[in-house]
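Protein chains in written order, with the numbering used here: chain R, 1 to 416; chain C, 417 to 721. One structure is given here, and the rest of the page talks about it.
Structural data, given as structure tokens:
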């Protein structure tokens, strides 16, 4: 028995080695690419397919991670030195995190070698520059717009939202659209439970950011949201959203929401999901003193792991995703690319199902980010979310909430 | 002479081989304990004197992490919440488990079925159970509040959506989940009480309450002691149900120690600070357990008669 085993084992091993080395082919570079919710976003696979067709010597292996745990998991993987060559940077809090830990490869030398023009990426690219070095290449860039359900407007006999609407008008319209009770209730509008839904639009009225520790400017935004929730009852209550795990996507697509302030990533979902909602988009409502089209913008970049041993190949993938070819594919699938040339925007707005007049809604005036990159970003995000939930569930008054924010902001900075 | 030496040698080698077998059997457990428990504890203790973010080189900071604990409102709140959770859930579980055990100890038809029913939550997955309870607790559409409204409670609690009620909601669910396990331990204890004690008491004319008070309770005191130690330790480690049901909220109302340690370590990547907190948690649990053992001979009765 033992003898037989000792004879069989080397043969099996040899067979395995032969099979695997045949599979690997001739000197192919394998890139490990980490991204969230890959399986739910077919456009990523399309870009990778196109990339591999153009670079047959490079093979892309995807590490798919669920969206909610992506930032934490990515940090742990990078810290543990796992083999990741290229990874997506989901938001600025993650970006600051990676930057502080030196996980990002500066990209200027690659940009210069390729003669890549960065102007079509817009001014937001400043946010991913560090000491004059580009640390990640944007491949997606989203702005917040207003989604509306045409049927609900028609039924209530209210004209569709214009591209120049204030948040006060938003409240009045929402009141008119609200009808019904219980599970059949039509909400005139919907604020998702994220703190950014209330805290961010008003950022455009001030030079402050949410990291400055001064939160008095948030007052009108909370007053509006609380009035809509508690007096008008034109939005689903925060407590109900939280306890029933309501998702804006499902609620809007089931035709129960009149207006929704949401990022442009939702366009792709509305185009690909099955639903019966006739929807349109308009510019984000604005606060008095700001121009129509002023809105919150976000940037999603691809970065190269500073420990990667295949940086040249990695850059090819990064610049493919962020460049012209990747942008075309993303645009054709309803995903707003980071590269914003006229041609790309035309592809984007002529996707079948894209709402009429939607192109105008995408033109922006001033833009602001949710949270600028900072080492404190994560701690502030958590603190602001906690106080947000206290205010929205009526556990504390708005005054107390704003005072708590200020006190805790000070604590975070002092104790860093 | 020669023979005895030989026999001695033989018995020694027998002893040795027996020892070896014993150690071999212990090895997997000890190895697991060393690698997965003891070494991490020692490392965490060491880490608590460092400033380390998982990426940049660690810096020795002395007692800075411990000093920071005294000023951190998040730590204070989570410690208070943990004590609240423990102080309510431990006595509640003990009383309920004892009550159920006495109830289930009767010789009636179908008792096995009831025992299974009460033990069921224990073997269910915490994730599934917590999700279901969240639905039960739903402030407007949940069955609990629908029931409360139907019996005339005008303003039923907001449960997990309310600062005041979130912790009671978590406690209620945790007690329901764990009570079956401790009931089984009590049942075993009950069955170890000799029947003749009750017979003697009956002859002396004791009623059921007197029997319970003077026989059952004292005879069960070793079990109660064991259960209270197990419960206090597990209550200080409460984590899963918090993450799923409330995520520490609303605000920081259910922010418990382990949740806060996890957040500091894997949300903010302050491993030194999180380790300092874990060390303090360890010390607290250790001190409480020592106190419990000190008080043991005051109320625990080990005599079998």
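Just so you know, even glycine gets a beta-carbon here, dropped at the ideal spot from N, CA and C. Remember, predicted model here, so these are calculated numbers, not experimental data.
Query                                                                                                                                                                                          : Result
On the DSSP bridge list, what partners appear for residue 283 of chain R?                                                                                                                      : R:145
If we count Cβ pairs, one from each stretch, closer than 8 Å, do we get three or more for the region 146 to 162 of chain R versus the region 250 to 265 of chain R?                            : yes
So does the region 332 to 341 of chain R actually touch the region 104 to 123 of chain R, counting three or more Cβ pairs closer than 8 Å?                                                     : yes
Roughly how far, in whole angstroms, is the beta-carbon of residue 467 of chain C from the beta-carbon of residue 101 of chain R, given that I think they are within contact range, below 8 Å? : Residue 467 of chain C to residue 101 of chain R, Cβ: 14 Å. No contact.
Among R:152, R:34, R:300 and R:265, which one has its Cα closest to the Cα of residue 322 of chain R?                                                                                          : R:300
Residue 149 of chain R versus chain C: which residues are under 8 Å apart at the beta carbon?                                                                                                  : Within chain C, no residue comes near residue 149 of chain R; the closest Cβ sits about 23 Å away, beyond 8 Å.
Does DSSP put residue 374 of chain R in a helix, in a strand, or in coil?                                                                                                                      : coil
So what does residue 337 of chain R bridge to, in DSSP terms?                                                                                                                                  : R:140
Helix, strand or coil, according to DSSP, for residue 714 of chain C in the structure here?                                                                                                    : helix
Out of curiosity, what's the CA-to-CA distance linking residue 513 of chain C and residue 598 of chain C?                                                                                      : 6 Å
Can you round the beta-carbon distance between residue 201 of chain R and residue 284 of chain R to whole angstroms, since I take them to be within the 8 Å contact cut?                       : 7 Å
Whose CA, out of C:554, C:591, C:686 and C:463, lies closest to the CA of residue 538 of chain C?                                                                                              : C:591
Straight-line CA distance for residue 427 of chain C to residue 682 of chain C?                                                                                                                : 56 Å
Since residue 62 of chain R and residue 38 of chain R should fall inside the 8 Å C-beta cutoff, what is the C-beta to C-beta distance between them, to a whole number of angstroms?            : 5 Å
Hey, how far is the Cα of residue 495 of chain C from the Cα of residue 460 of chain C?                                                                                                        : 19 Å
Helix, strand or coil for residue 681 of chain C? Go by DSSP, reduced to three states.                                                                                                         : helix
Residues of chain C with CB under 8 Å from residue 370 of chain R, in chain order?                                                                                                             : Those within 8 Å of residue 370 of chain R in chain C number zero; the least Cβ separation is about 17 Å.
Could you please give me the residues that DSSP links to residue 305 of chain R through a beta bridge?                                                                                         : R:104
Taking residue 608 of chain C as the reference, which of C:677, C:711, C:631 and C:526 has the closest Cα?                                                                                     : C:631
With a 10 Å radius around its C-beta and 16 neighbouring C-beta atoms as the bar for buried, classify residue 87 of chain R as buried or exposed.                                              : buried
Can the beta-carbon of residue 128 of chain R be found less than 7 Å from the beta-carbon of residue 136 of chain R?                                                                           : yes
Taking DSSP's pairing of strands, which residues face residue 130 of chain R in a bridge?                                                                                                      : R:133
Check each residue of the region 571 to 582 of chain C: if its Cβ is closer than 9 Å to any Cβ of chain R, include it; give the result in chain order.                                         : 574, 575, 576, 577, 578, 579 and 580
Mind reading off the beta-carbon distance from residue 217 of chain R to residue 204 of chain R? Whole number of angstroms is fine, and I expect it under 8 Å.                                 : About 10 Å; that fails the 8 Å criterion.
Using a Cβ-Cβ cutoff of less than 6 Å, which residues in the same chain neighbour residue 721 of chain C once the five nearest sequence positions on both sides are dropped?                   : Per-residue confidence for residue 721 of chain C stands at a pLDDT of 48, beneath the threshold of 50, marking its modelled position as unreliable; no derived number is given.
Provide the residue span of the beta strand (DSSP E) that contains residue 206 of chain R, from first to last.                                                                                 : Segment: none, residue 206 of chain R is in no beta strand (DSSP E) and carries neither H nor E.
Does any C-beta atom of chain C lie closer than 7 Å to the C-beta of residue 343 of chain R?                                                                                                   : no
What does a CB cutoff of less than 6 Å around residue 680 of chain C pick up in its chain, not counting 5 residues either side in sequence?                                                    : 686, 689 and 690
If I measure Cβ to Cβ from residue 229 of chain R and keep anything under 6 Å in the same chain, skipping five residues before and after, which residues do I get?                             : 235 and 237
Using a Cβ-Cβ distance under 7 Å, would residue 416 of chain R count as near chain C?                                                                                                          : no
Give the straight-line distance between the Cα atoms of residue 564 of chain C and residue 551 of chain C, rounded to the nearest whole angstrom.                                              : 15 Å
Cutting at 8 Å between CB atoms, please list the residues of its own chain near residue 372 of chain R, excluding the five before and the five after it.                                       : 92, 127, 209 and 211
Applying a beta-carbon distance threshold of less than 9 Å, which residues of chain C neighbour residue 240 of chain R?                                                                        : 554, 555, 556, 557 and 577
Identify every residue that forms a DSSP beta bridge with residue 475 of chain C.                                                                                                              : C:467
For a contact defined as C-beta to C-beta under 9 Å, what are the partners of residue 390 of chain R on chain C?                                                                               : 579, 665, 666, 667, 668 and 669
Give the C-beta separation of residue 196 of chain R and residue 186 of chain R to the nearest angstrom, bearing in mind that I take them to be a contact with Cβ-Cβ under 8 Å.                : Not really, about 24 Å apart at Cβ, beyond 8 Å.
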